[in-house]
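Letter by letter, the sequence shown follows residues 1 to 1216 in the UniProt record's numbering.
Even for Gly, the Cβ is constructed at its ideal location relative to N, Cα and C.
All remarks here apply to the structure that follows.
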Amino acid sequence: MTQQGSAFPRFELSSLGIRATAEVRGDDQFVVLAGSQARAEVVESFARYAPPGYQRQRQELIESGILRPGQQPGTLEFAVDHVFGGSTPAAVVILGRNADGTKEWVRIDADGFSQTHGQWLKIQATPSPVFTQRHFKLVARAEERQGQFVVLAGSQFRALDGQATFYSPDDEQLHQNMLVDGTLIPAEAGHLTLTRDTAFADASQAARLVLLRAMPASSGWVTEAADARTLTYGDWRQMSKQLSGSISESVETTWQPFFQELAHKLLEFEERQPELVQILLDAGVHIQHDEGETLQVLDPFSFFSLILKHQSDASVLPIFARIKARLNLQASIPHDLTGVPWSNPMNAWFFAYRSRRQPGDLPTLWALARQAVAGDLQPETFERALAIRKVALPKLTQGLFWLNPDEFLALNGVNNPYLEQRGIKSSKVTTLAEYQAVLDAARTLAPDFPTLSHTAWLTSEQGKQEASLIDGRFPFQQFREEASRFTDDRVKGNMVLDRKYAPLLLNLLGDVNAQSLRPARSPYTGKAQLTVKVSLGQGVKSDGTLFGRALLLPENGFEYVPLPQGLTLEVGLPDGKGDEARHALRQPEVRERLTEALLAPVPTSSPATFSLTADFGPVNLQPLQEAQRPALEAMLDQYVQGLGKSRRVRVGLTLSAAELEGETFAEVLEGSMHYLDRVMTVLVELSASESPVHEVKVIQVVNTEESPLTSEFTPLPGVSLNQILYGPPGTGKTYRVVDKALEVLDPAFLEAKPSRAERKARYNELSAQGHITFVTFHQNFGYEDFVEGIKPVMKDGQLSYELEDGLFLQAVGAASGEVKSVASEEPSLNPQGQVWRIYIDGSAPVSEVRRRSLERGEMRVGSWLGGSLTLDGRPPVSRRVPEDLSSLPEDQLNAQQLAFKDSVRVGDVVLLATGMDSISAVGVVTGEYRFDPSEPIFSGDYAHARNVKWLATGLNWHASQKVGRTFSPQALQRVAGASAAQLVAELSQSGDTARPAAGQQPHVLIIDEINRGNVAKVFGELITLLEPSKRKGAAEGLTVRLPLSKRPLAVPQSLYVIGTMNTADRSLTLLDAALRRRFVFEPIWPEPDVLPVIEIDNFALDLPEFLRAINARIEKLLSREQVIGHAYLLDVPETLDGVAQALQQRILPLLEEYFFEDWGLIRKVLGDDQKPVKQQFIREVTDGDVKRYERNRDAFKDIEAYVRTYSGTTEASEAE
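Below, the structure is given as C-alpha cells:
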C-alpha cells in the first residue's frame, strides 16, 4: 500500500519531565522513536514487582547502547528507533515502573481526536465501513485502516484543468508525485484513476486531492449506516470513540493469591509428575485411565483443569483445602471462585492419550507454564502449545489465566462475545503477538482481568437462552419440566428444547478425547436437533458412512423406538444400501473385534443395546451383556446374510436420570463415550473396505439443446496453435490478445463486428467460465510454477509438502487433455453419499439461469427474498439484495438455505428436476458453498452456488421410476432412501441414450511478457510437446512422463498458446531458439494514425507526426525495437496540458531508461538540438566546464515546442 503524508499513527508519553514518542507501524509494531527519553533510575518496586522480561529488556537496551545517557540530568535517550512487543512493555521500560501502556500513551490525531492507545486499539478492531466521495460523475471510495485514511484503488480523481486549485504546495507536490510514480493514471471522461490503495495524512487531505480544491475535514466522505442513515466520516469517528465504557471498580475476589502460590509450587514437580497425579487422587479428584494404564504424566494446566472440571464452589473449594494441606501452602483457602472459568469435564487434560501424544507435548506445556508464572511468554512456545492435540485457543488461554490472572485473560466462549461486542477481535488469535494485542486492548475495559472475566460471565448469564451444568451435573429435572409443556406438540417441543439443550451437549460431547468420534451436524437442516442431537461421524460434515447421535428423551420418549428415560448415545452404520460391512464381517478376526467391543463393560447402570432395521423383522433393542452373547451372534449372522438389505446398525447406551444428576456424572459420561469410541473404531474398519469411485466419466446426451461439445476437435483453419505478438512498448500487444482469444473461442461472435467494450465483456465472460488461463512470466517464474512443483502446506499445525499442478497443466486439463490430476486419488463421488433434488429457476421448460448454471458446472439457489419462514417460525429479515449466507446468523436462514450451505456435501449426487416427475440432469457435488453474483443473470437473486460435475444433461428420466416417488415443489429436497452409487451406475448402463462427451474443447493459454522468463527453465521438457506436429492426435504426436508425479502428458490440439513480448526488454534475436522454432511471430508496430490532430488556439498539434518524428530518431540512435508505441499518447486529454503530462510522465521516463540518462541523446530525440532555446524541452546549461541539463517548464506549455519537434528539423524531414 502506497503511503502518502504522515504514514503512521503517533503516540506520546509524558511523565515527570520524561517525554517519548512512538509510532504503530506495519503489523502492529509499536516503535519508540530515536530521541525519546526514559528515566535513568527505576523506582524501588520495579525490581520486585515488574515482570522479569521487562527488567531484562531494559537492561539489554542500556548495555547495547540503544538507551544511552540523555542530555538532561536523570534521563536516558533512545539512540535509534526501537520496536517493542506492545505499548505496555515500552511504557514499563521507559518509566522504570509498572505501567499500563494502553493508558499511558496518548495520541492526538489530525482531526483533533485525543485517544489513549487502548482506545485507539478498540477503534481499529471495529471494521471500518467504506466511505464515498461523489462529485458529478466522479466517485472515490475509502476506508480507515490502522488509523490511516486509505483511498481504494479504482477511485476517480479530478484531472488538472483551468478551475482546479491546490490547497497548499505540499498537496501540489504530492499530486505530482502520484502522477509520476503511476499511482494516478489518466482515464476516460477526463478523470484520473487511482491504481493502488493509498493512505493519506487524513480524510481532509484525501478529499482535497480527489477534488483538487480545499475541503473541510471529513465532511465530504459519507457512508450508509445499518439503519440507512447517512453518516459523515467525522460522525463515524465520533461514534467509534463511544465504544462501551470500561468498568471502574474491581470485583472482590479471594482466590488469586492461592492460585498464584499454587502455580509457583507446581513448577517444582516437573521431574516428579506421578506425584502430582497422586496428589489429585488423594484430594478426591477422579482421573481417567490413560488407555488402560494409570496416568503417569501431568502438567500445571491439566492439574488446575482436573480440579475445576467439578464446576461448583461446593465441590472445588474442599479439593483446594486438601491440596493446601498436602503442599503446605501459605495463602488462605479461597472463599469464592468469582471470575474463574470452569474446565470441560469431558476434556480436562491438555494433552492426548498416550498413543496419540507427541514426545514434545508435555515439555512444551511445562515450558509455557514457567513462562506464564513469570509473565513472559515466548512466541515459539505459545504457538507450539497451541498446536498440541486437544488444545485450542480458548483452553490454552484459560490455563494461562489460572496460572497468572494478573497478566493473562481467557479467550473463551464467555469472554470472546463480550470483547467482540466492544470492538476487540479476540476469537481469531493465532499468534502470541495477536494475543498480546487483545490483552492490551482488554486492559482498558476493566481494572483487572478477574473483574473483566466476571463481568463477561454476568453479561452472558443475563441474556442466556442455553442450558448449562448445575454443580457439574446435567440439568435433567429442568429438561423434564420443560419437555412436559410440549406433550401435545412434540414437533415444536423438539425445536424449542433443541435450541436450549443442544449447545450444552455439543460442548460436552464435541470435544471428547477420542479416536473415531467427531462432532457433526444434522443431514437435514445443518443444525443439531433434539432427536439428532449430536452426530459423531467422520468430520464436521459426516461423509455418510457412519453416524452417531445423542437422544435426549423425557419419559416414554419422542422417538419411534421406545427408549428409557435419560440421555441416550447412539453410534452405528447409517441407512442406505451397501454390503461392504457384511463382507468384512465374514472375516473371523473382524467379527471377533466387533463382538468384543460390543460386549465390553460399560459405566452405566443399564447395558448397551444393539439393533437392526425393520428389514430383519420387528425392531428390538438387544441388551449387550455376556449372557446375551448367543443372541448377539444370531443377530450378526442375520445381518451378514442380509445381502441387499439396509446396512443400518445401531448401538445405544443410556445414562439414567440418576446418573445424569449424580455427583459422578462427568466420569460416567466420559466412560460411556470411550466405550462408544471403541465400538466406532471397529465400525470405521468395516466402512474402510468400501471402494469409492475415483473417476466418473462425464456423459452427455446426443442431440440435445444443451450439448455444446463435439465428439472430435478440429483445429481452426488459419489460426496458429502457438503465436507470439511482439513489438515495442505501448503498441497494444496485450490489447490485441482479447481479439486473438475470441478468434479461437468464439469466432462467430467476432463476425458480428462488436464494439471493443462488447469484445472485452465477452472475453471476461469466457475467462470466468474457465476457457482462458492468463499468466505473466518474470525472472523468478520457474517449472514448479508453470508445470508442477512441490509446495509447502500446513496440516493440523504441521508443515508438510504436496505436489501441485502448475498453470500449464491446469490449462491442459481445461482443454480436456488426458492429464491425470495429482488429486485424482480422492473420489469425486461418494457411493454412500446423499442424493439431493434441486430446481434451478423453478420448473420452467426453458431458463437462462438454468442453462448458464449447467454451462458453468454449478447448482444454484435463490435467496428466497420473498420470505419463507425461518426455522423458528419467524418471518425472515427483509433483504433488498442477496447476501452471503455464510455472513448471516443461522436464525435468519430457512431450512433450505441451511441445507444448501451446510448439509449438501462434496461427493453427494444432485438431480436437476424440471417438474415433479422429471429429471433432466445428474451430477456430483464437487465444491463447498460460495456466494457468487459475478454475472448479471445471477446478481439479482441466484447468487448462491456450489460447483457440480454434471455427469449427464438433457435427460428425460421419470422420478417415480428412478427414485420411487415424485418431488415436492420446494427448491431443494433430500431424496431419502435413494442410492448415489446406483443412480450413477444407471447412467453408464443406458448406452442407448447417452454417450461419452468429447475429450477436447478449445482453451487459450495467454503468456504475457513471455521473454522475461527463462523459457528453457520454465517449460523444461514440455517445449517439444507444444509443436503442432507433436500434439496429441497428430501423426508424430508425443507423450512424456512428468519427472515429479510420473504422470503421462500429451498436449491436446485444443490448447492455443498466445504470448506477448516487449522487444525493448529483450531483442527477438536473443530469444530461446527452441521457442522461436515452435511459435509464429506477429509484429505489432506503432500506429501513429490512430492518434488525433489537436486544435489549440488556432494551432494544429499533429500527434501522429510528433510520434513519427520521435520514433525516427530513436530508430536511428538505438533500434526499431525500442520505438515508442501509440498507446503512450492515446486517450490523453485533447489539451496542451494533457499532452504535456503524457510527455513528462510517460515518454520522458522511458527515454531516460533507453538512453541511460544521457540527456544529450534525449535532446536529439525531442529535436531540442535544432530548436530555439525557449522551445527546448530539455535545456542545456553550461557552467564553466560543467555541462548539465534541466527541464524547461515553459516549453511544455508552448505549442510551438511540440510543432518544431516534427517540422523544421532534419530528422523530421527524413521521417516524412
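Exclusion of the five residues before and after Asp171 leaves Gln205, Arg208 and Leu209 as the residues of its chain whose Cβ lies within less than 8 Å of its Cβ. Residues Gln133 and Ala207 of the same chain have their beta carbon placed closer than 7 Å to that of Gly220, with the five preceding and five following residues left out of the count.
Put simply, the backbone Cα of Trp349 is about 29 Å away from that of Ile424. DSSP places Val93 in the helix class (H, G or I) of the three-state scheme. Under DSSP, Asp1102 takes part in a beta bridge, and its partners are Val1093. CA-CA distance, Gly833 to Val924, rounds to 10 Å. At a cut-off of 4 residues, the continuous stretches assigned as alpha helix (DSSP H) that sit fully inside the stretch 319-379 are 361-374. For Pro69, the enclosing beta strand (DSSP E) begins and ends at Leu67 to Pro69.
Residues Ile840 and Asp841 of the same chain have their beta carbon placed closer than 8 Å to that of Ser847, with the five preceding and five following residues left out of the count.
Of the candidates Ile388, Leu266 and Phe258, Phe258 places its Cα closest to the Cα of Leu337. Counting the other Cβ atoms within 10 Å of the Cβ of Pro1172 gives fewer than 16, which makes it exposed. In terms of Cβ geometry, Val1139 and Tyr1056 do not form a close pair [threshold 8 Å]. Around the CB of Asn1062, 16 or more other CB atoms lie within 10 Å, so the residue is classed as buried.
If the five residues before and after Ala456 are omitted, its C-beta is found closer than 7 Å to the C-beta atoms of Val414, Asn415 and Tyr418, all from its own chain and listed in chain order. Bounds of any beta strand (DSSP E) do not take in Gln273; it lies within the alpha helix (DSSP H) bounded by Gln273 to Asp282. Per DSSP, Asn830 lies in no beta strand (DSSP E) and is assigned neither H nor E. Between Glu592 and the set Val719, Pro603 and Glu633, the nearest pair of CA atoms involves Glu633.
Among the bridge pairs identified by DSSP, Phe931 is matched with His944. Cβ contact annotation for Gly74 (same chain, cutoff 6 Å, sequence separation greater than five): Ala40, in chain order.
DSSP, reduced to helix, strand and coil, places Pro1048 within a strand of the structure shown. Per DSSP, reduced to three states, the secondary structure at Asn1014 is coil, with no helix or strand assignment.
In the structure shown, Asp902 adopts helical secondary structure according to DSSP, grouped into three states. Taking a cut-off of 8 Å for Cβ pairs, the stretch 405-414 and the stretch 288-307 do not touch, as fewer than three such pairs fall below it. Only exposed fits Leu643, as fewer than 16 other CB atoms lie within 10 angstroms of its CB.
Shown here for Val139: same chain residues with a beta carbon closer than 6 Å to its own, the five before and five after excluded, namely Gln156 in chain order. Shown here, His454 sits in a helix according to DSSP, grouped into three states. Sequence-distant partners of Phe11 (beyond 5 residues in either direction) whose C-beta falls short of 6 Å from its own C-beta, in its chain, are Ala22, Trp105, Arg107 and His117. Cβ atoms of Gly1160 and Lys1017 stay farther apart than 8 Å, at about 39 Å. Residue range Ala203 to Leu211 is occupied by the alpha helix (DSSP H) that includes Gln205.
Shortest Cα-Cα distance from Ala945 to any of His1003, Gln982 and Leu885 involves Leu885. Gln810 and Glu580 have their C-alpha atoms spaced approximately 36 Å apart. It is roughly 22 Å from the alpha-carbon of Glu1009 to the alpha-carbon of Gly789. For a cut-off of 8 Å, the C-beta gap from Phe1079 to Ile724 is around 5 Å, short enough to register as a contact.
Leu152 places its beta carbon less than 8 Å from that of Glu143. Within the stretch 105-185, the complete beta strand (DSSP E) segments of 3 residues or longer fall at 106-108, 114-116, 131-135, 138-145, 148-151 and 156-158, listed in chain order.
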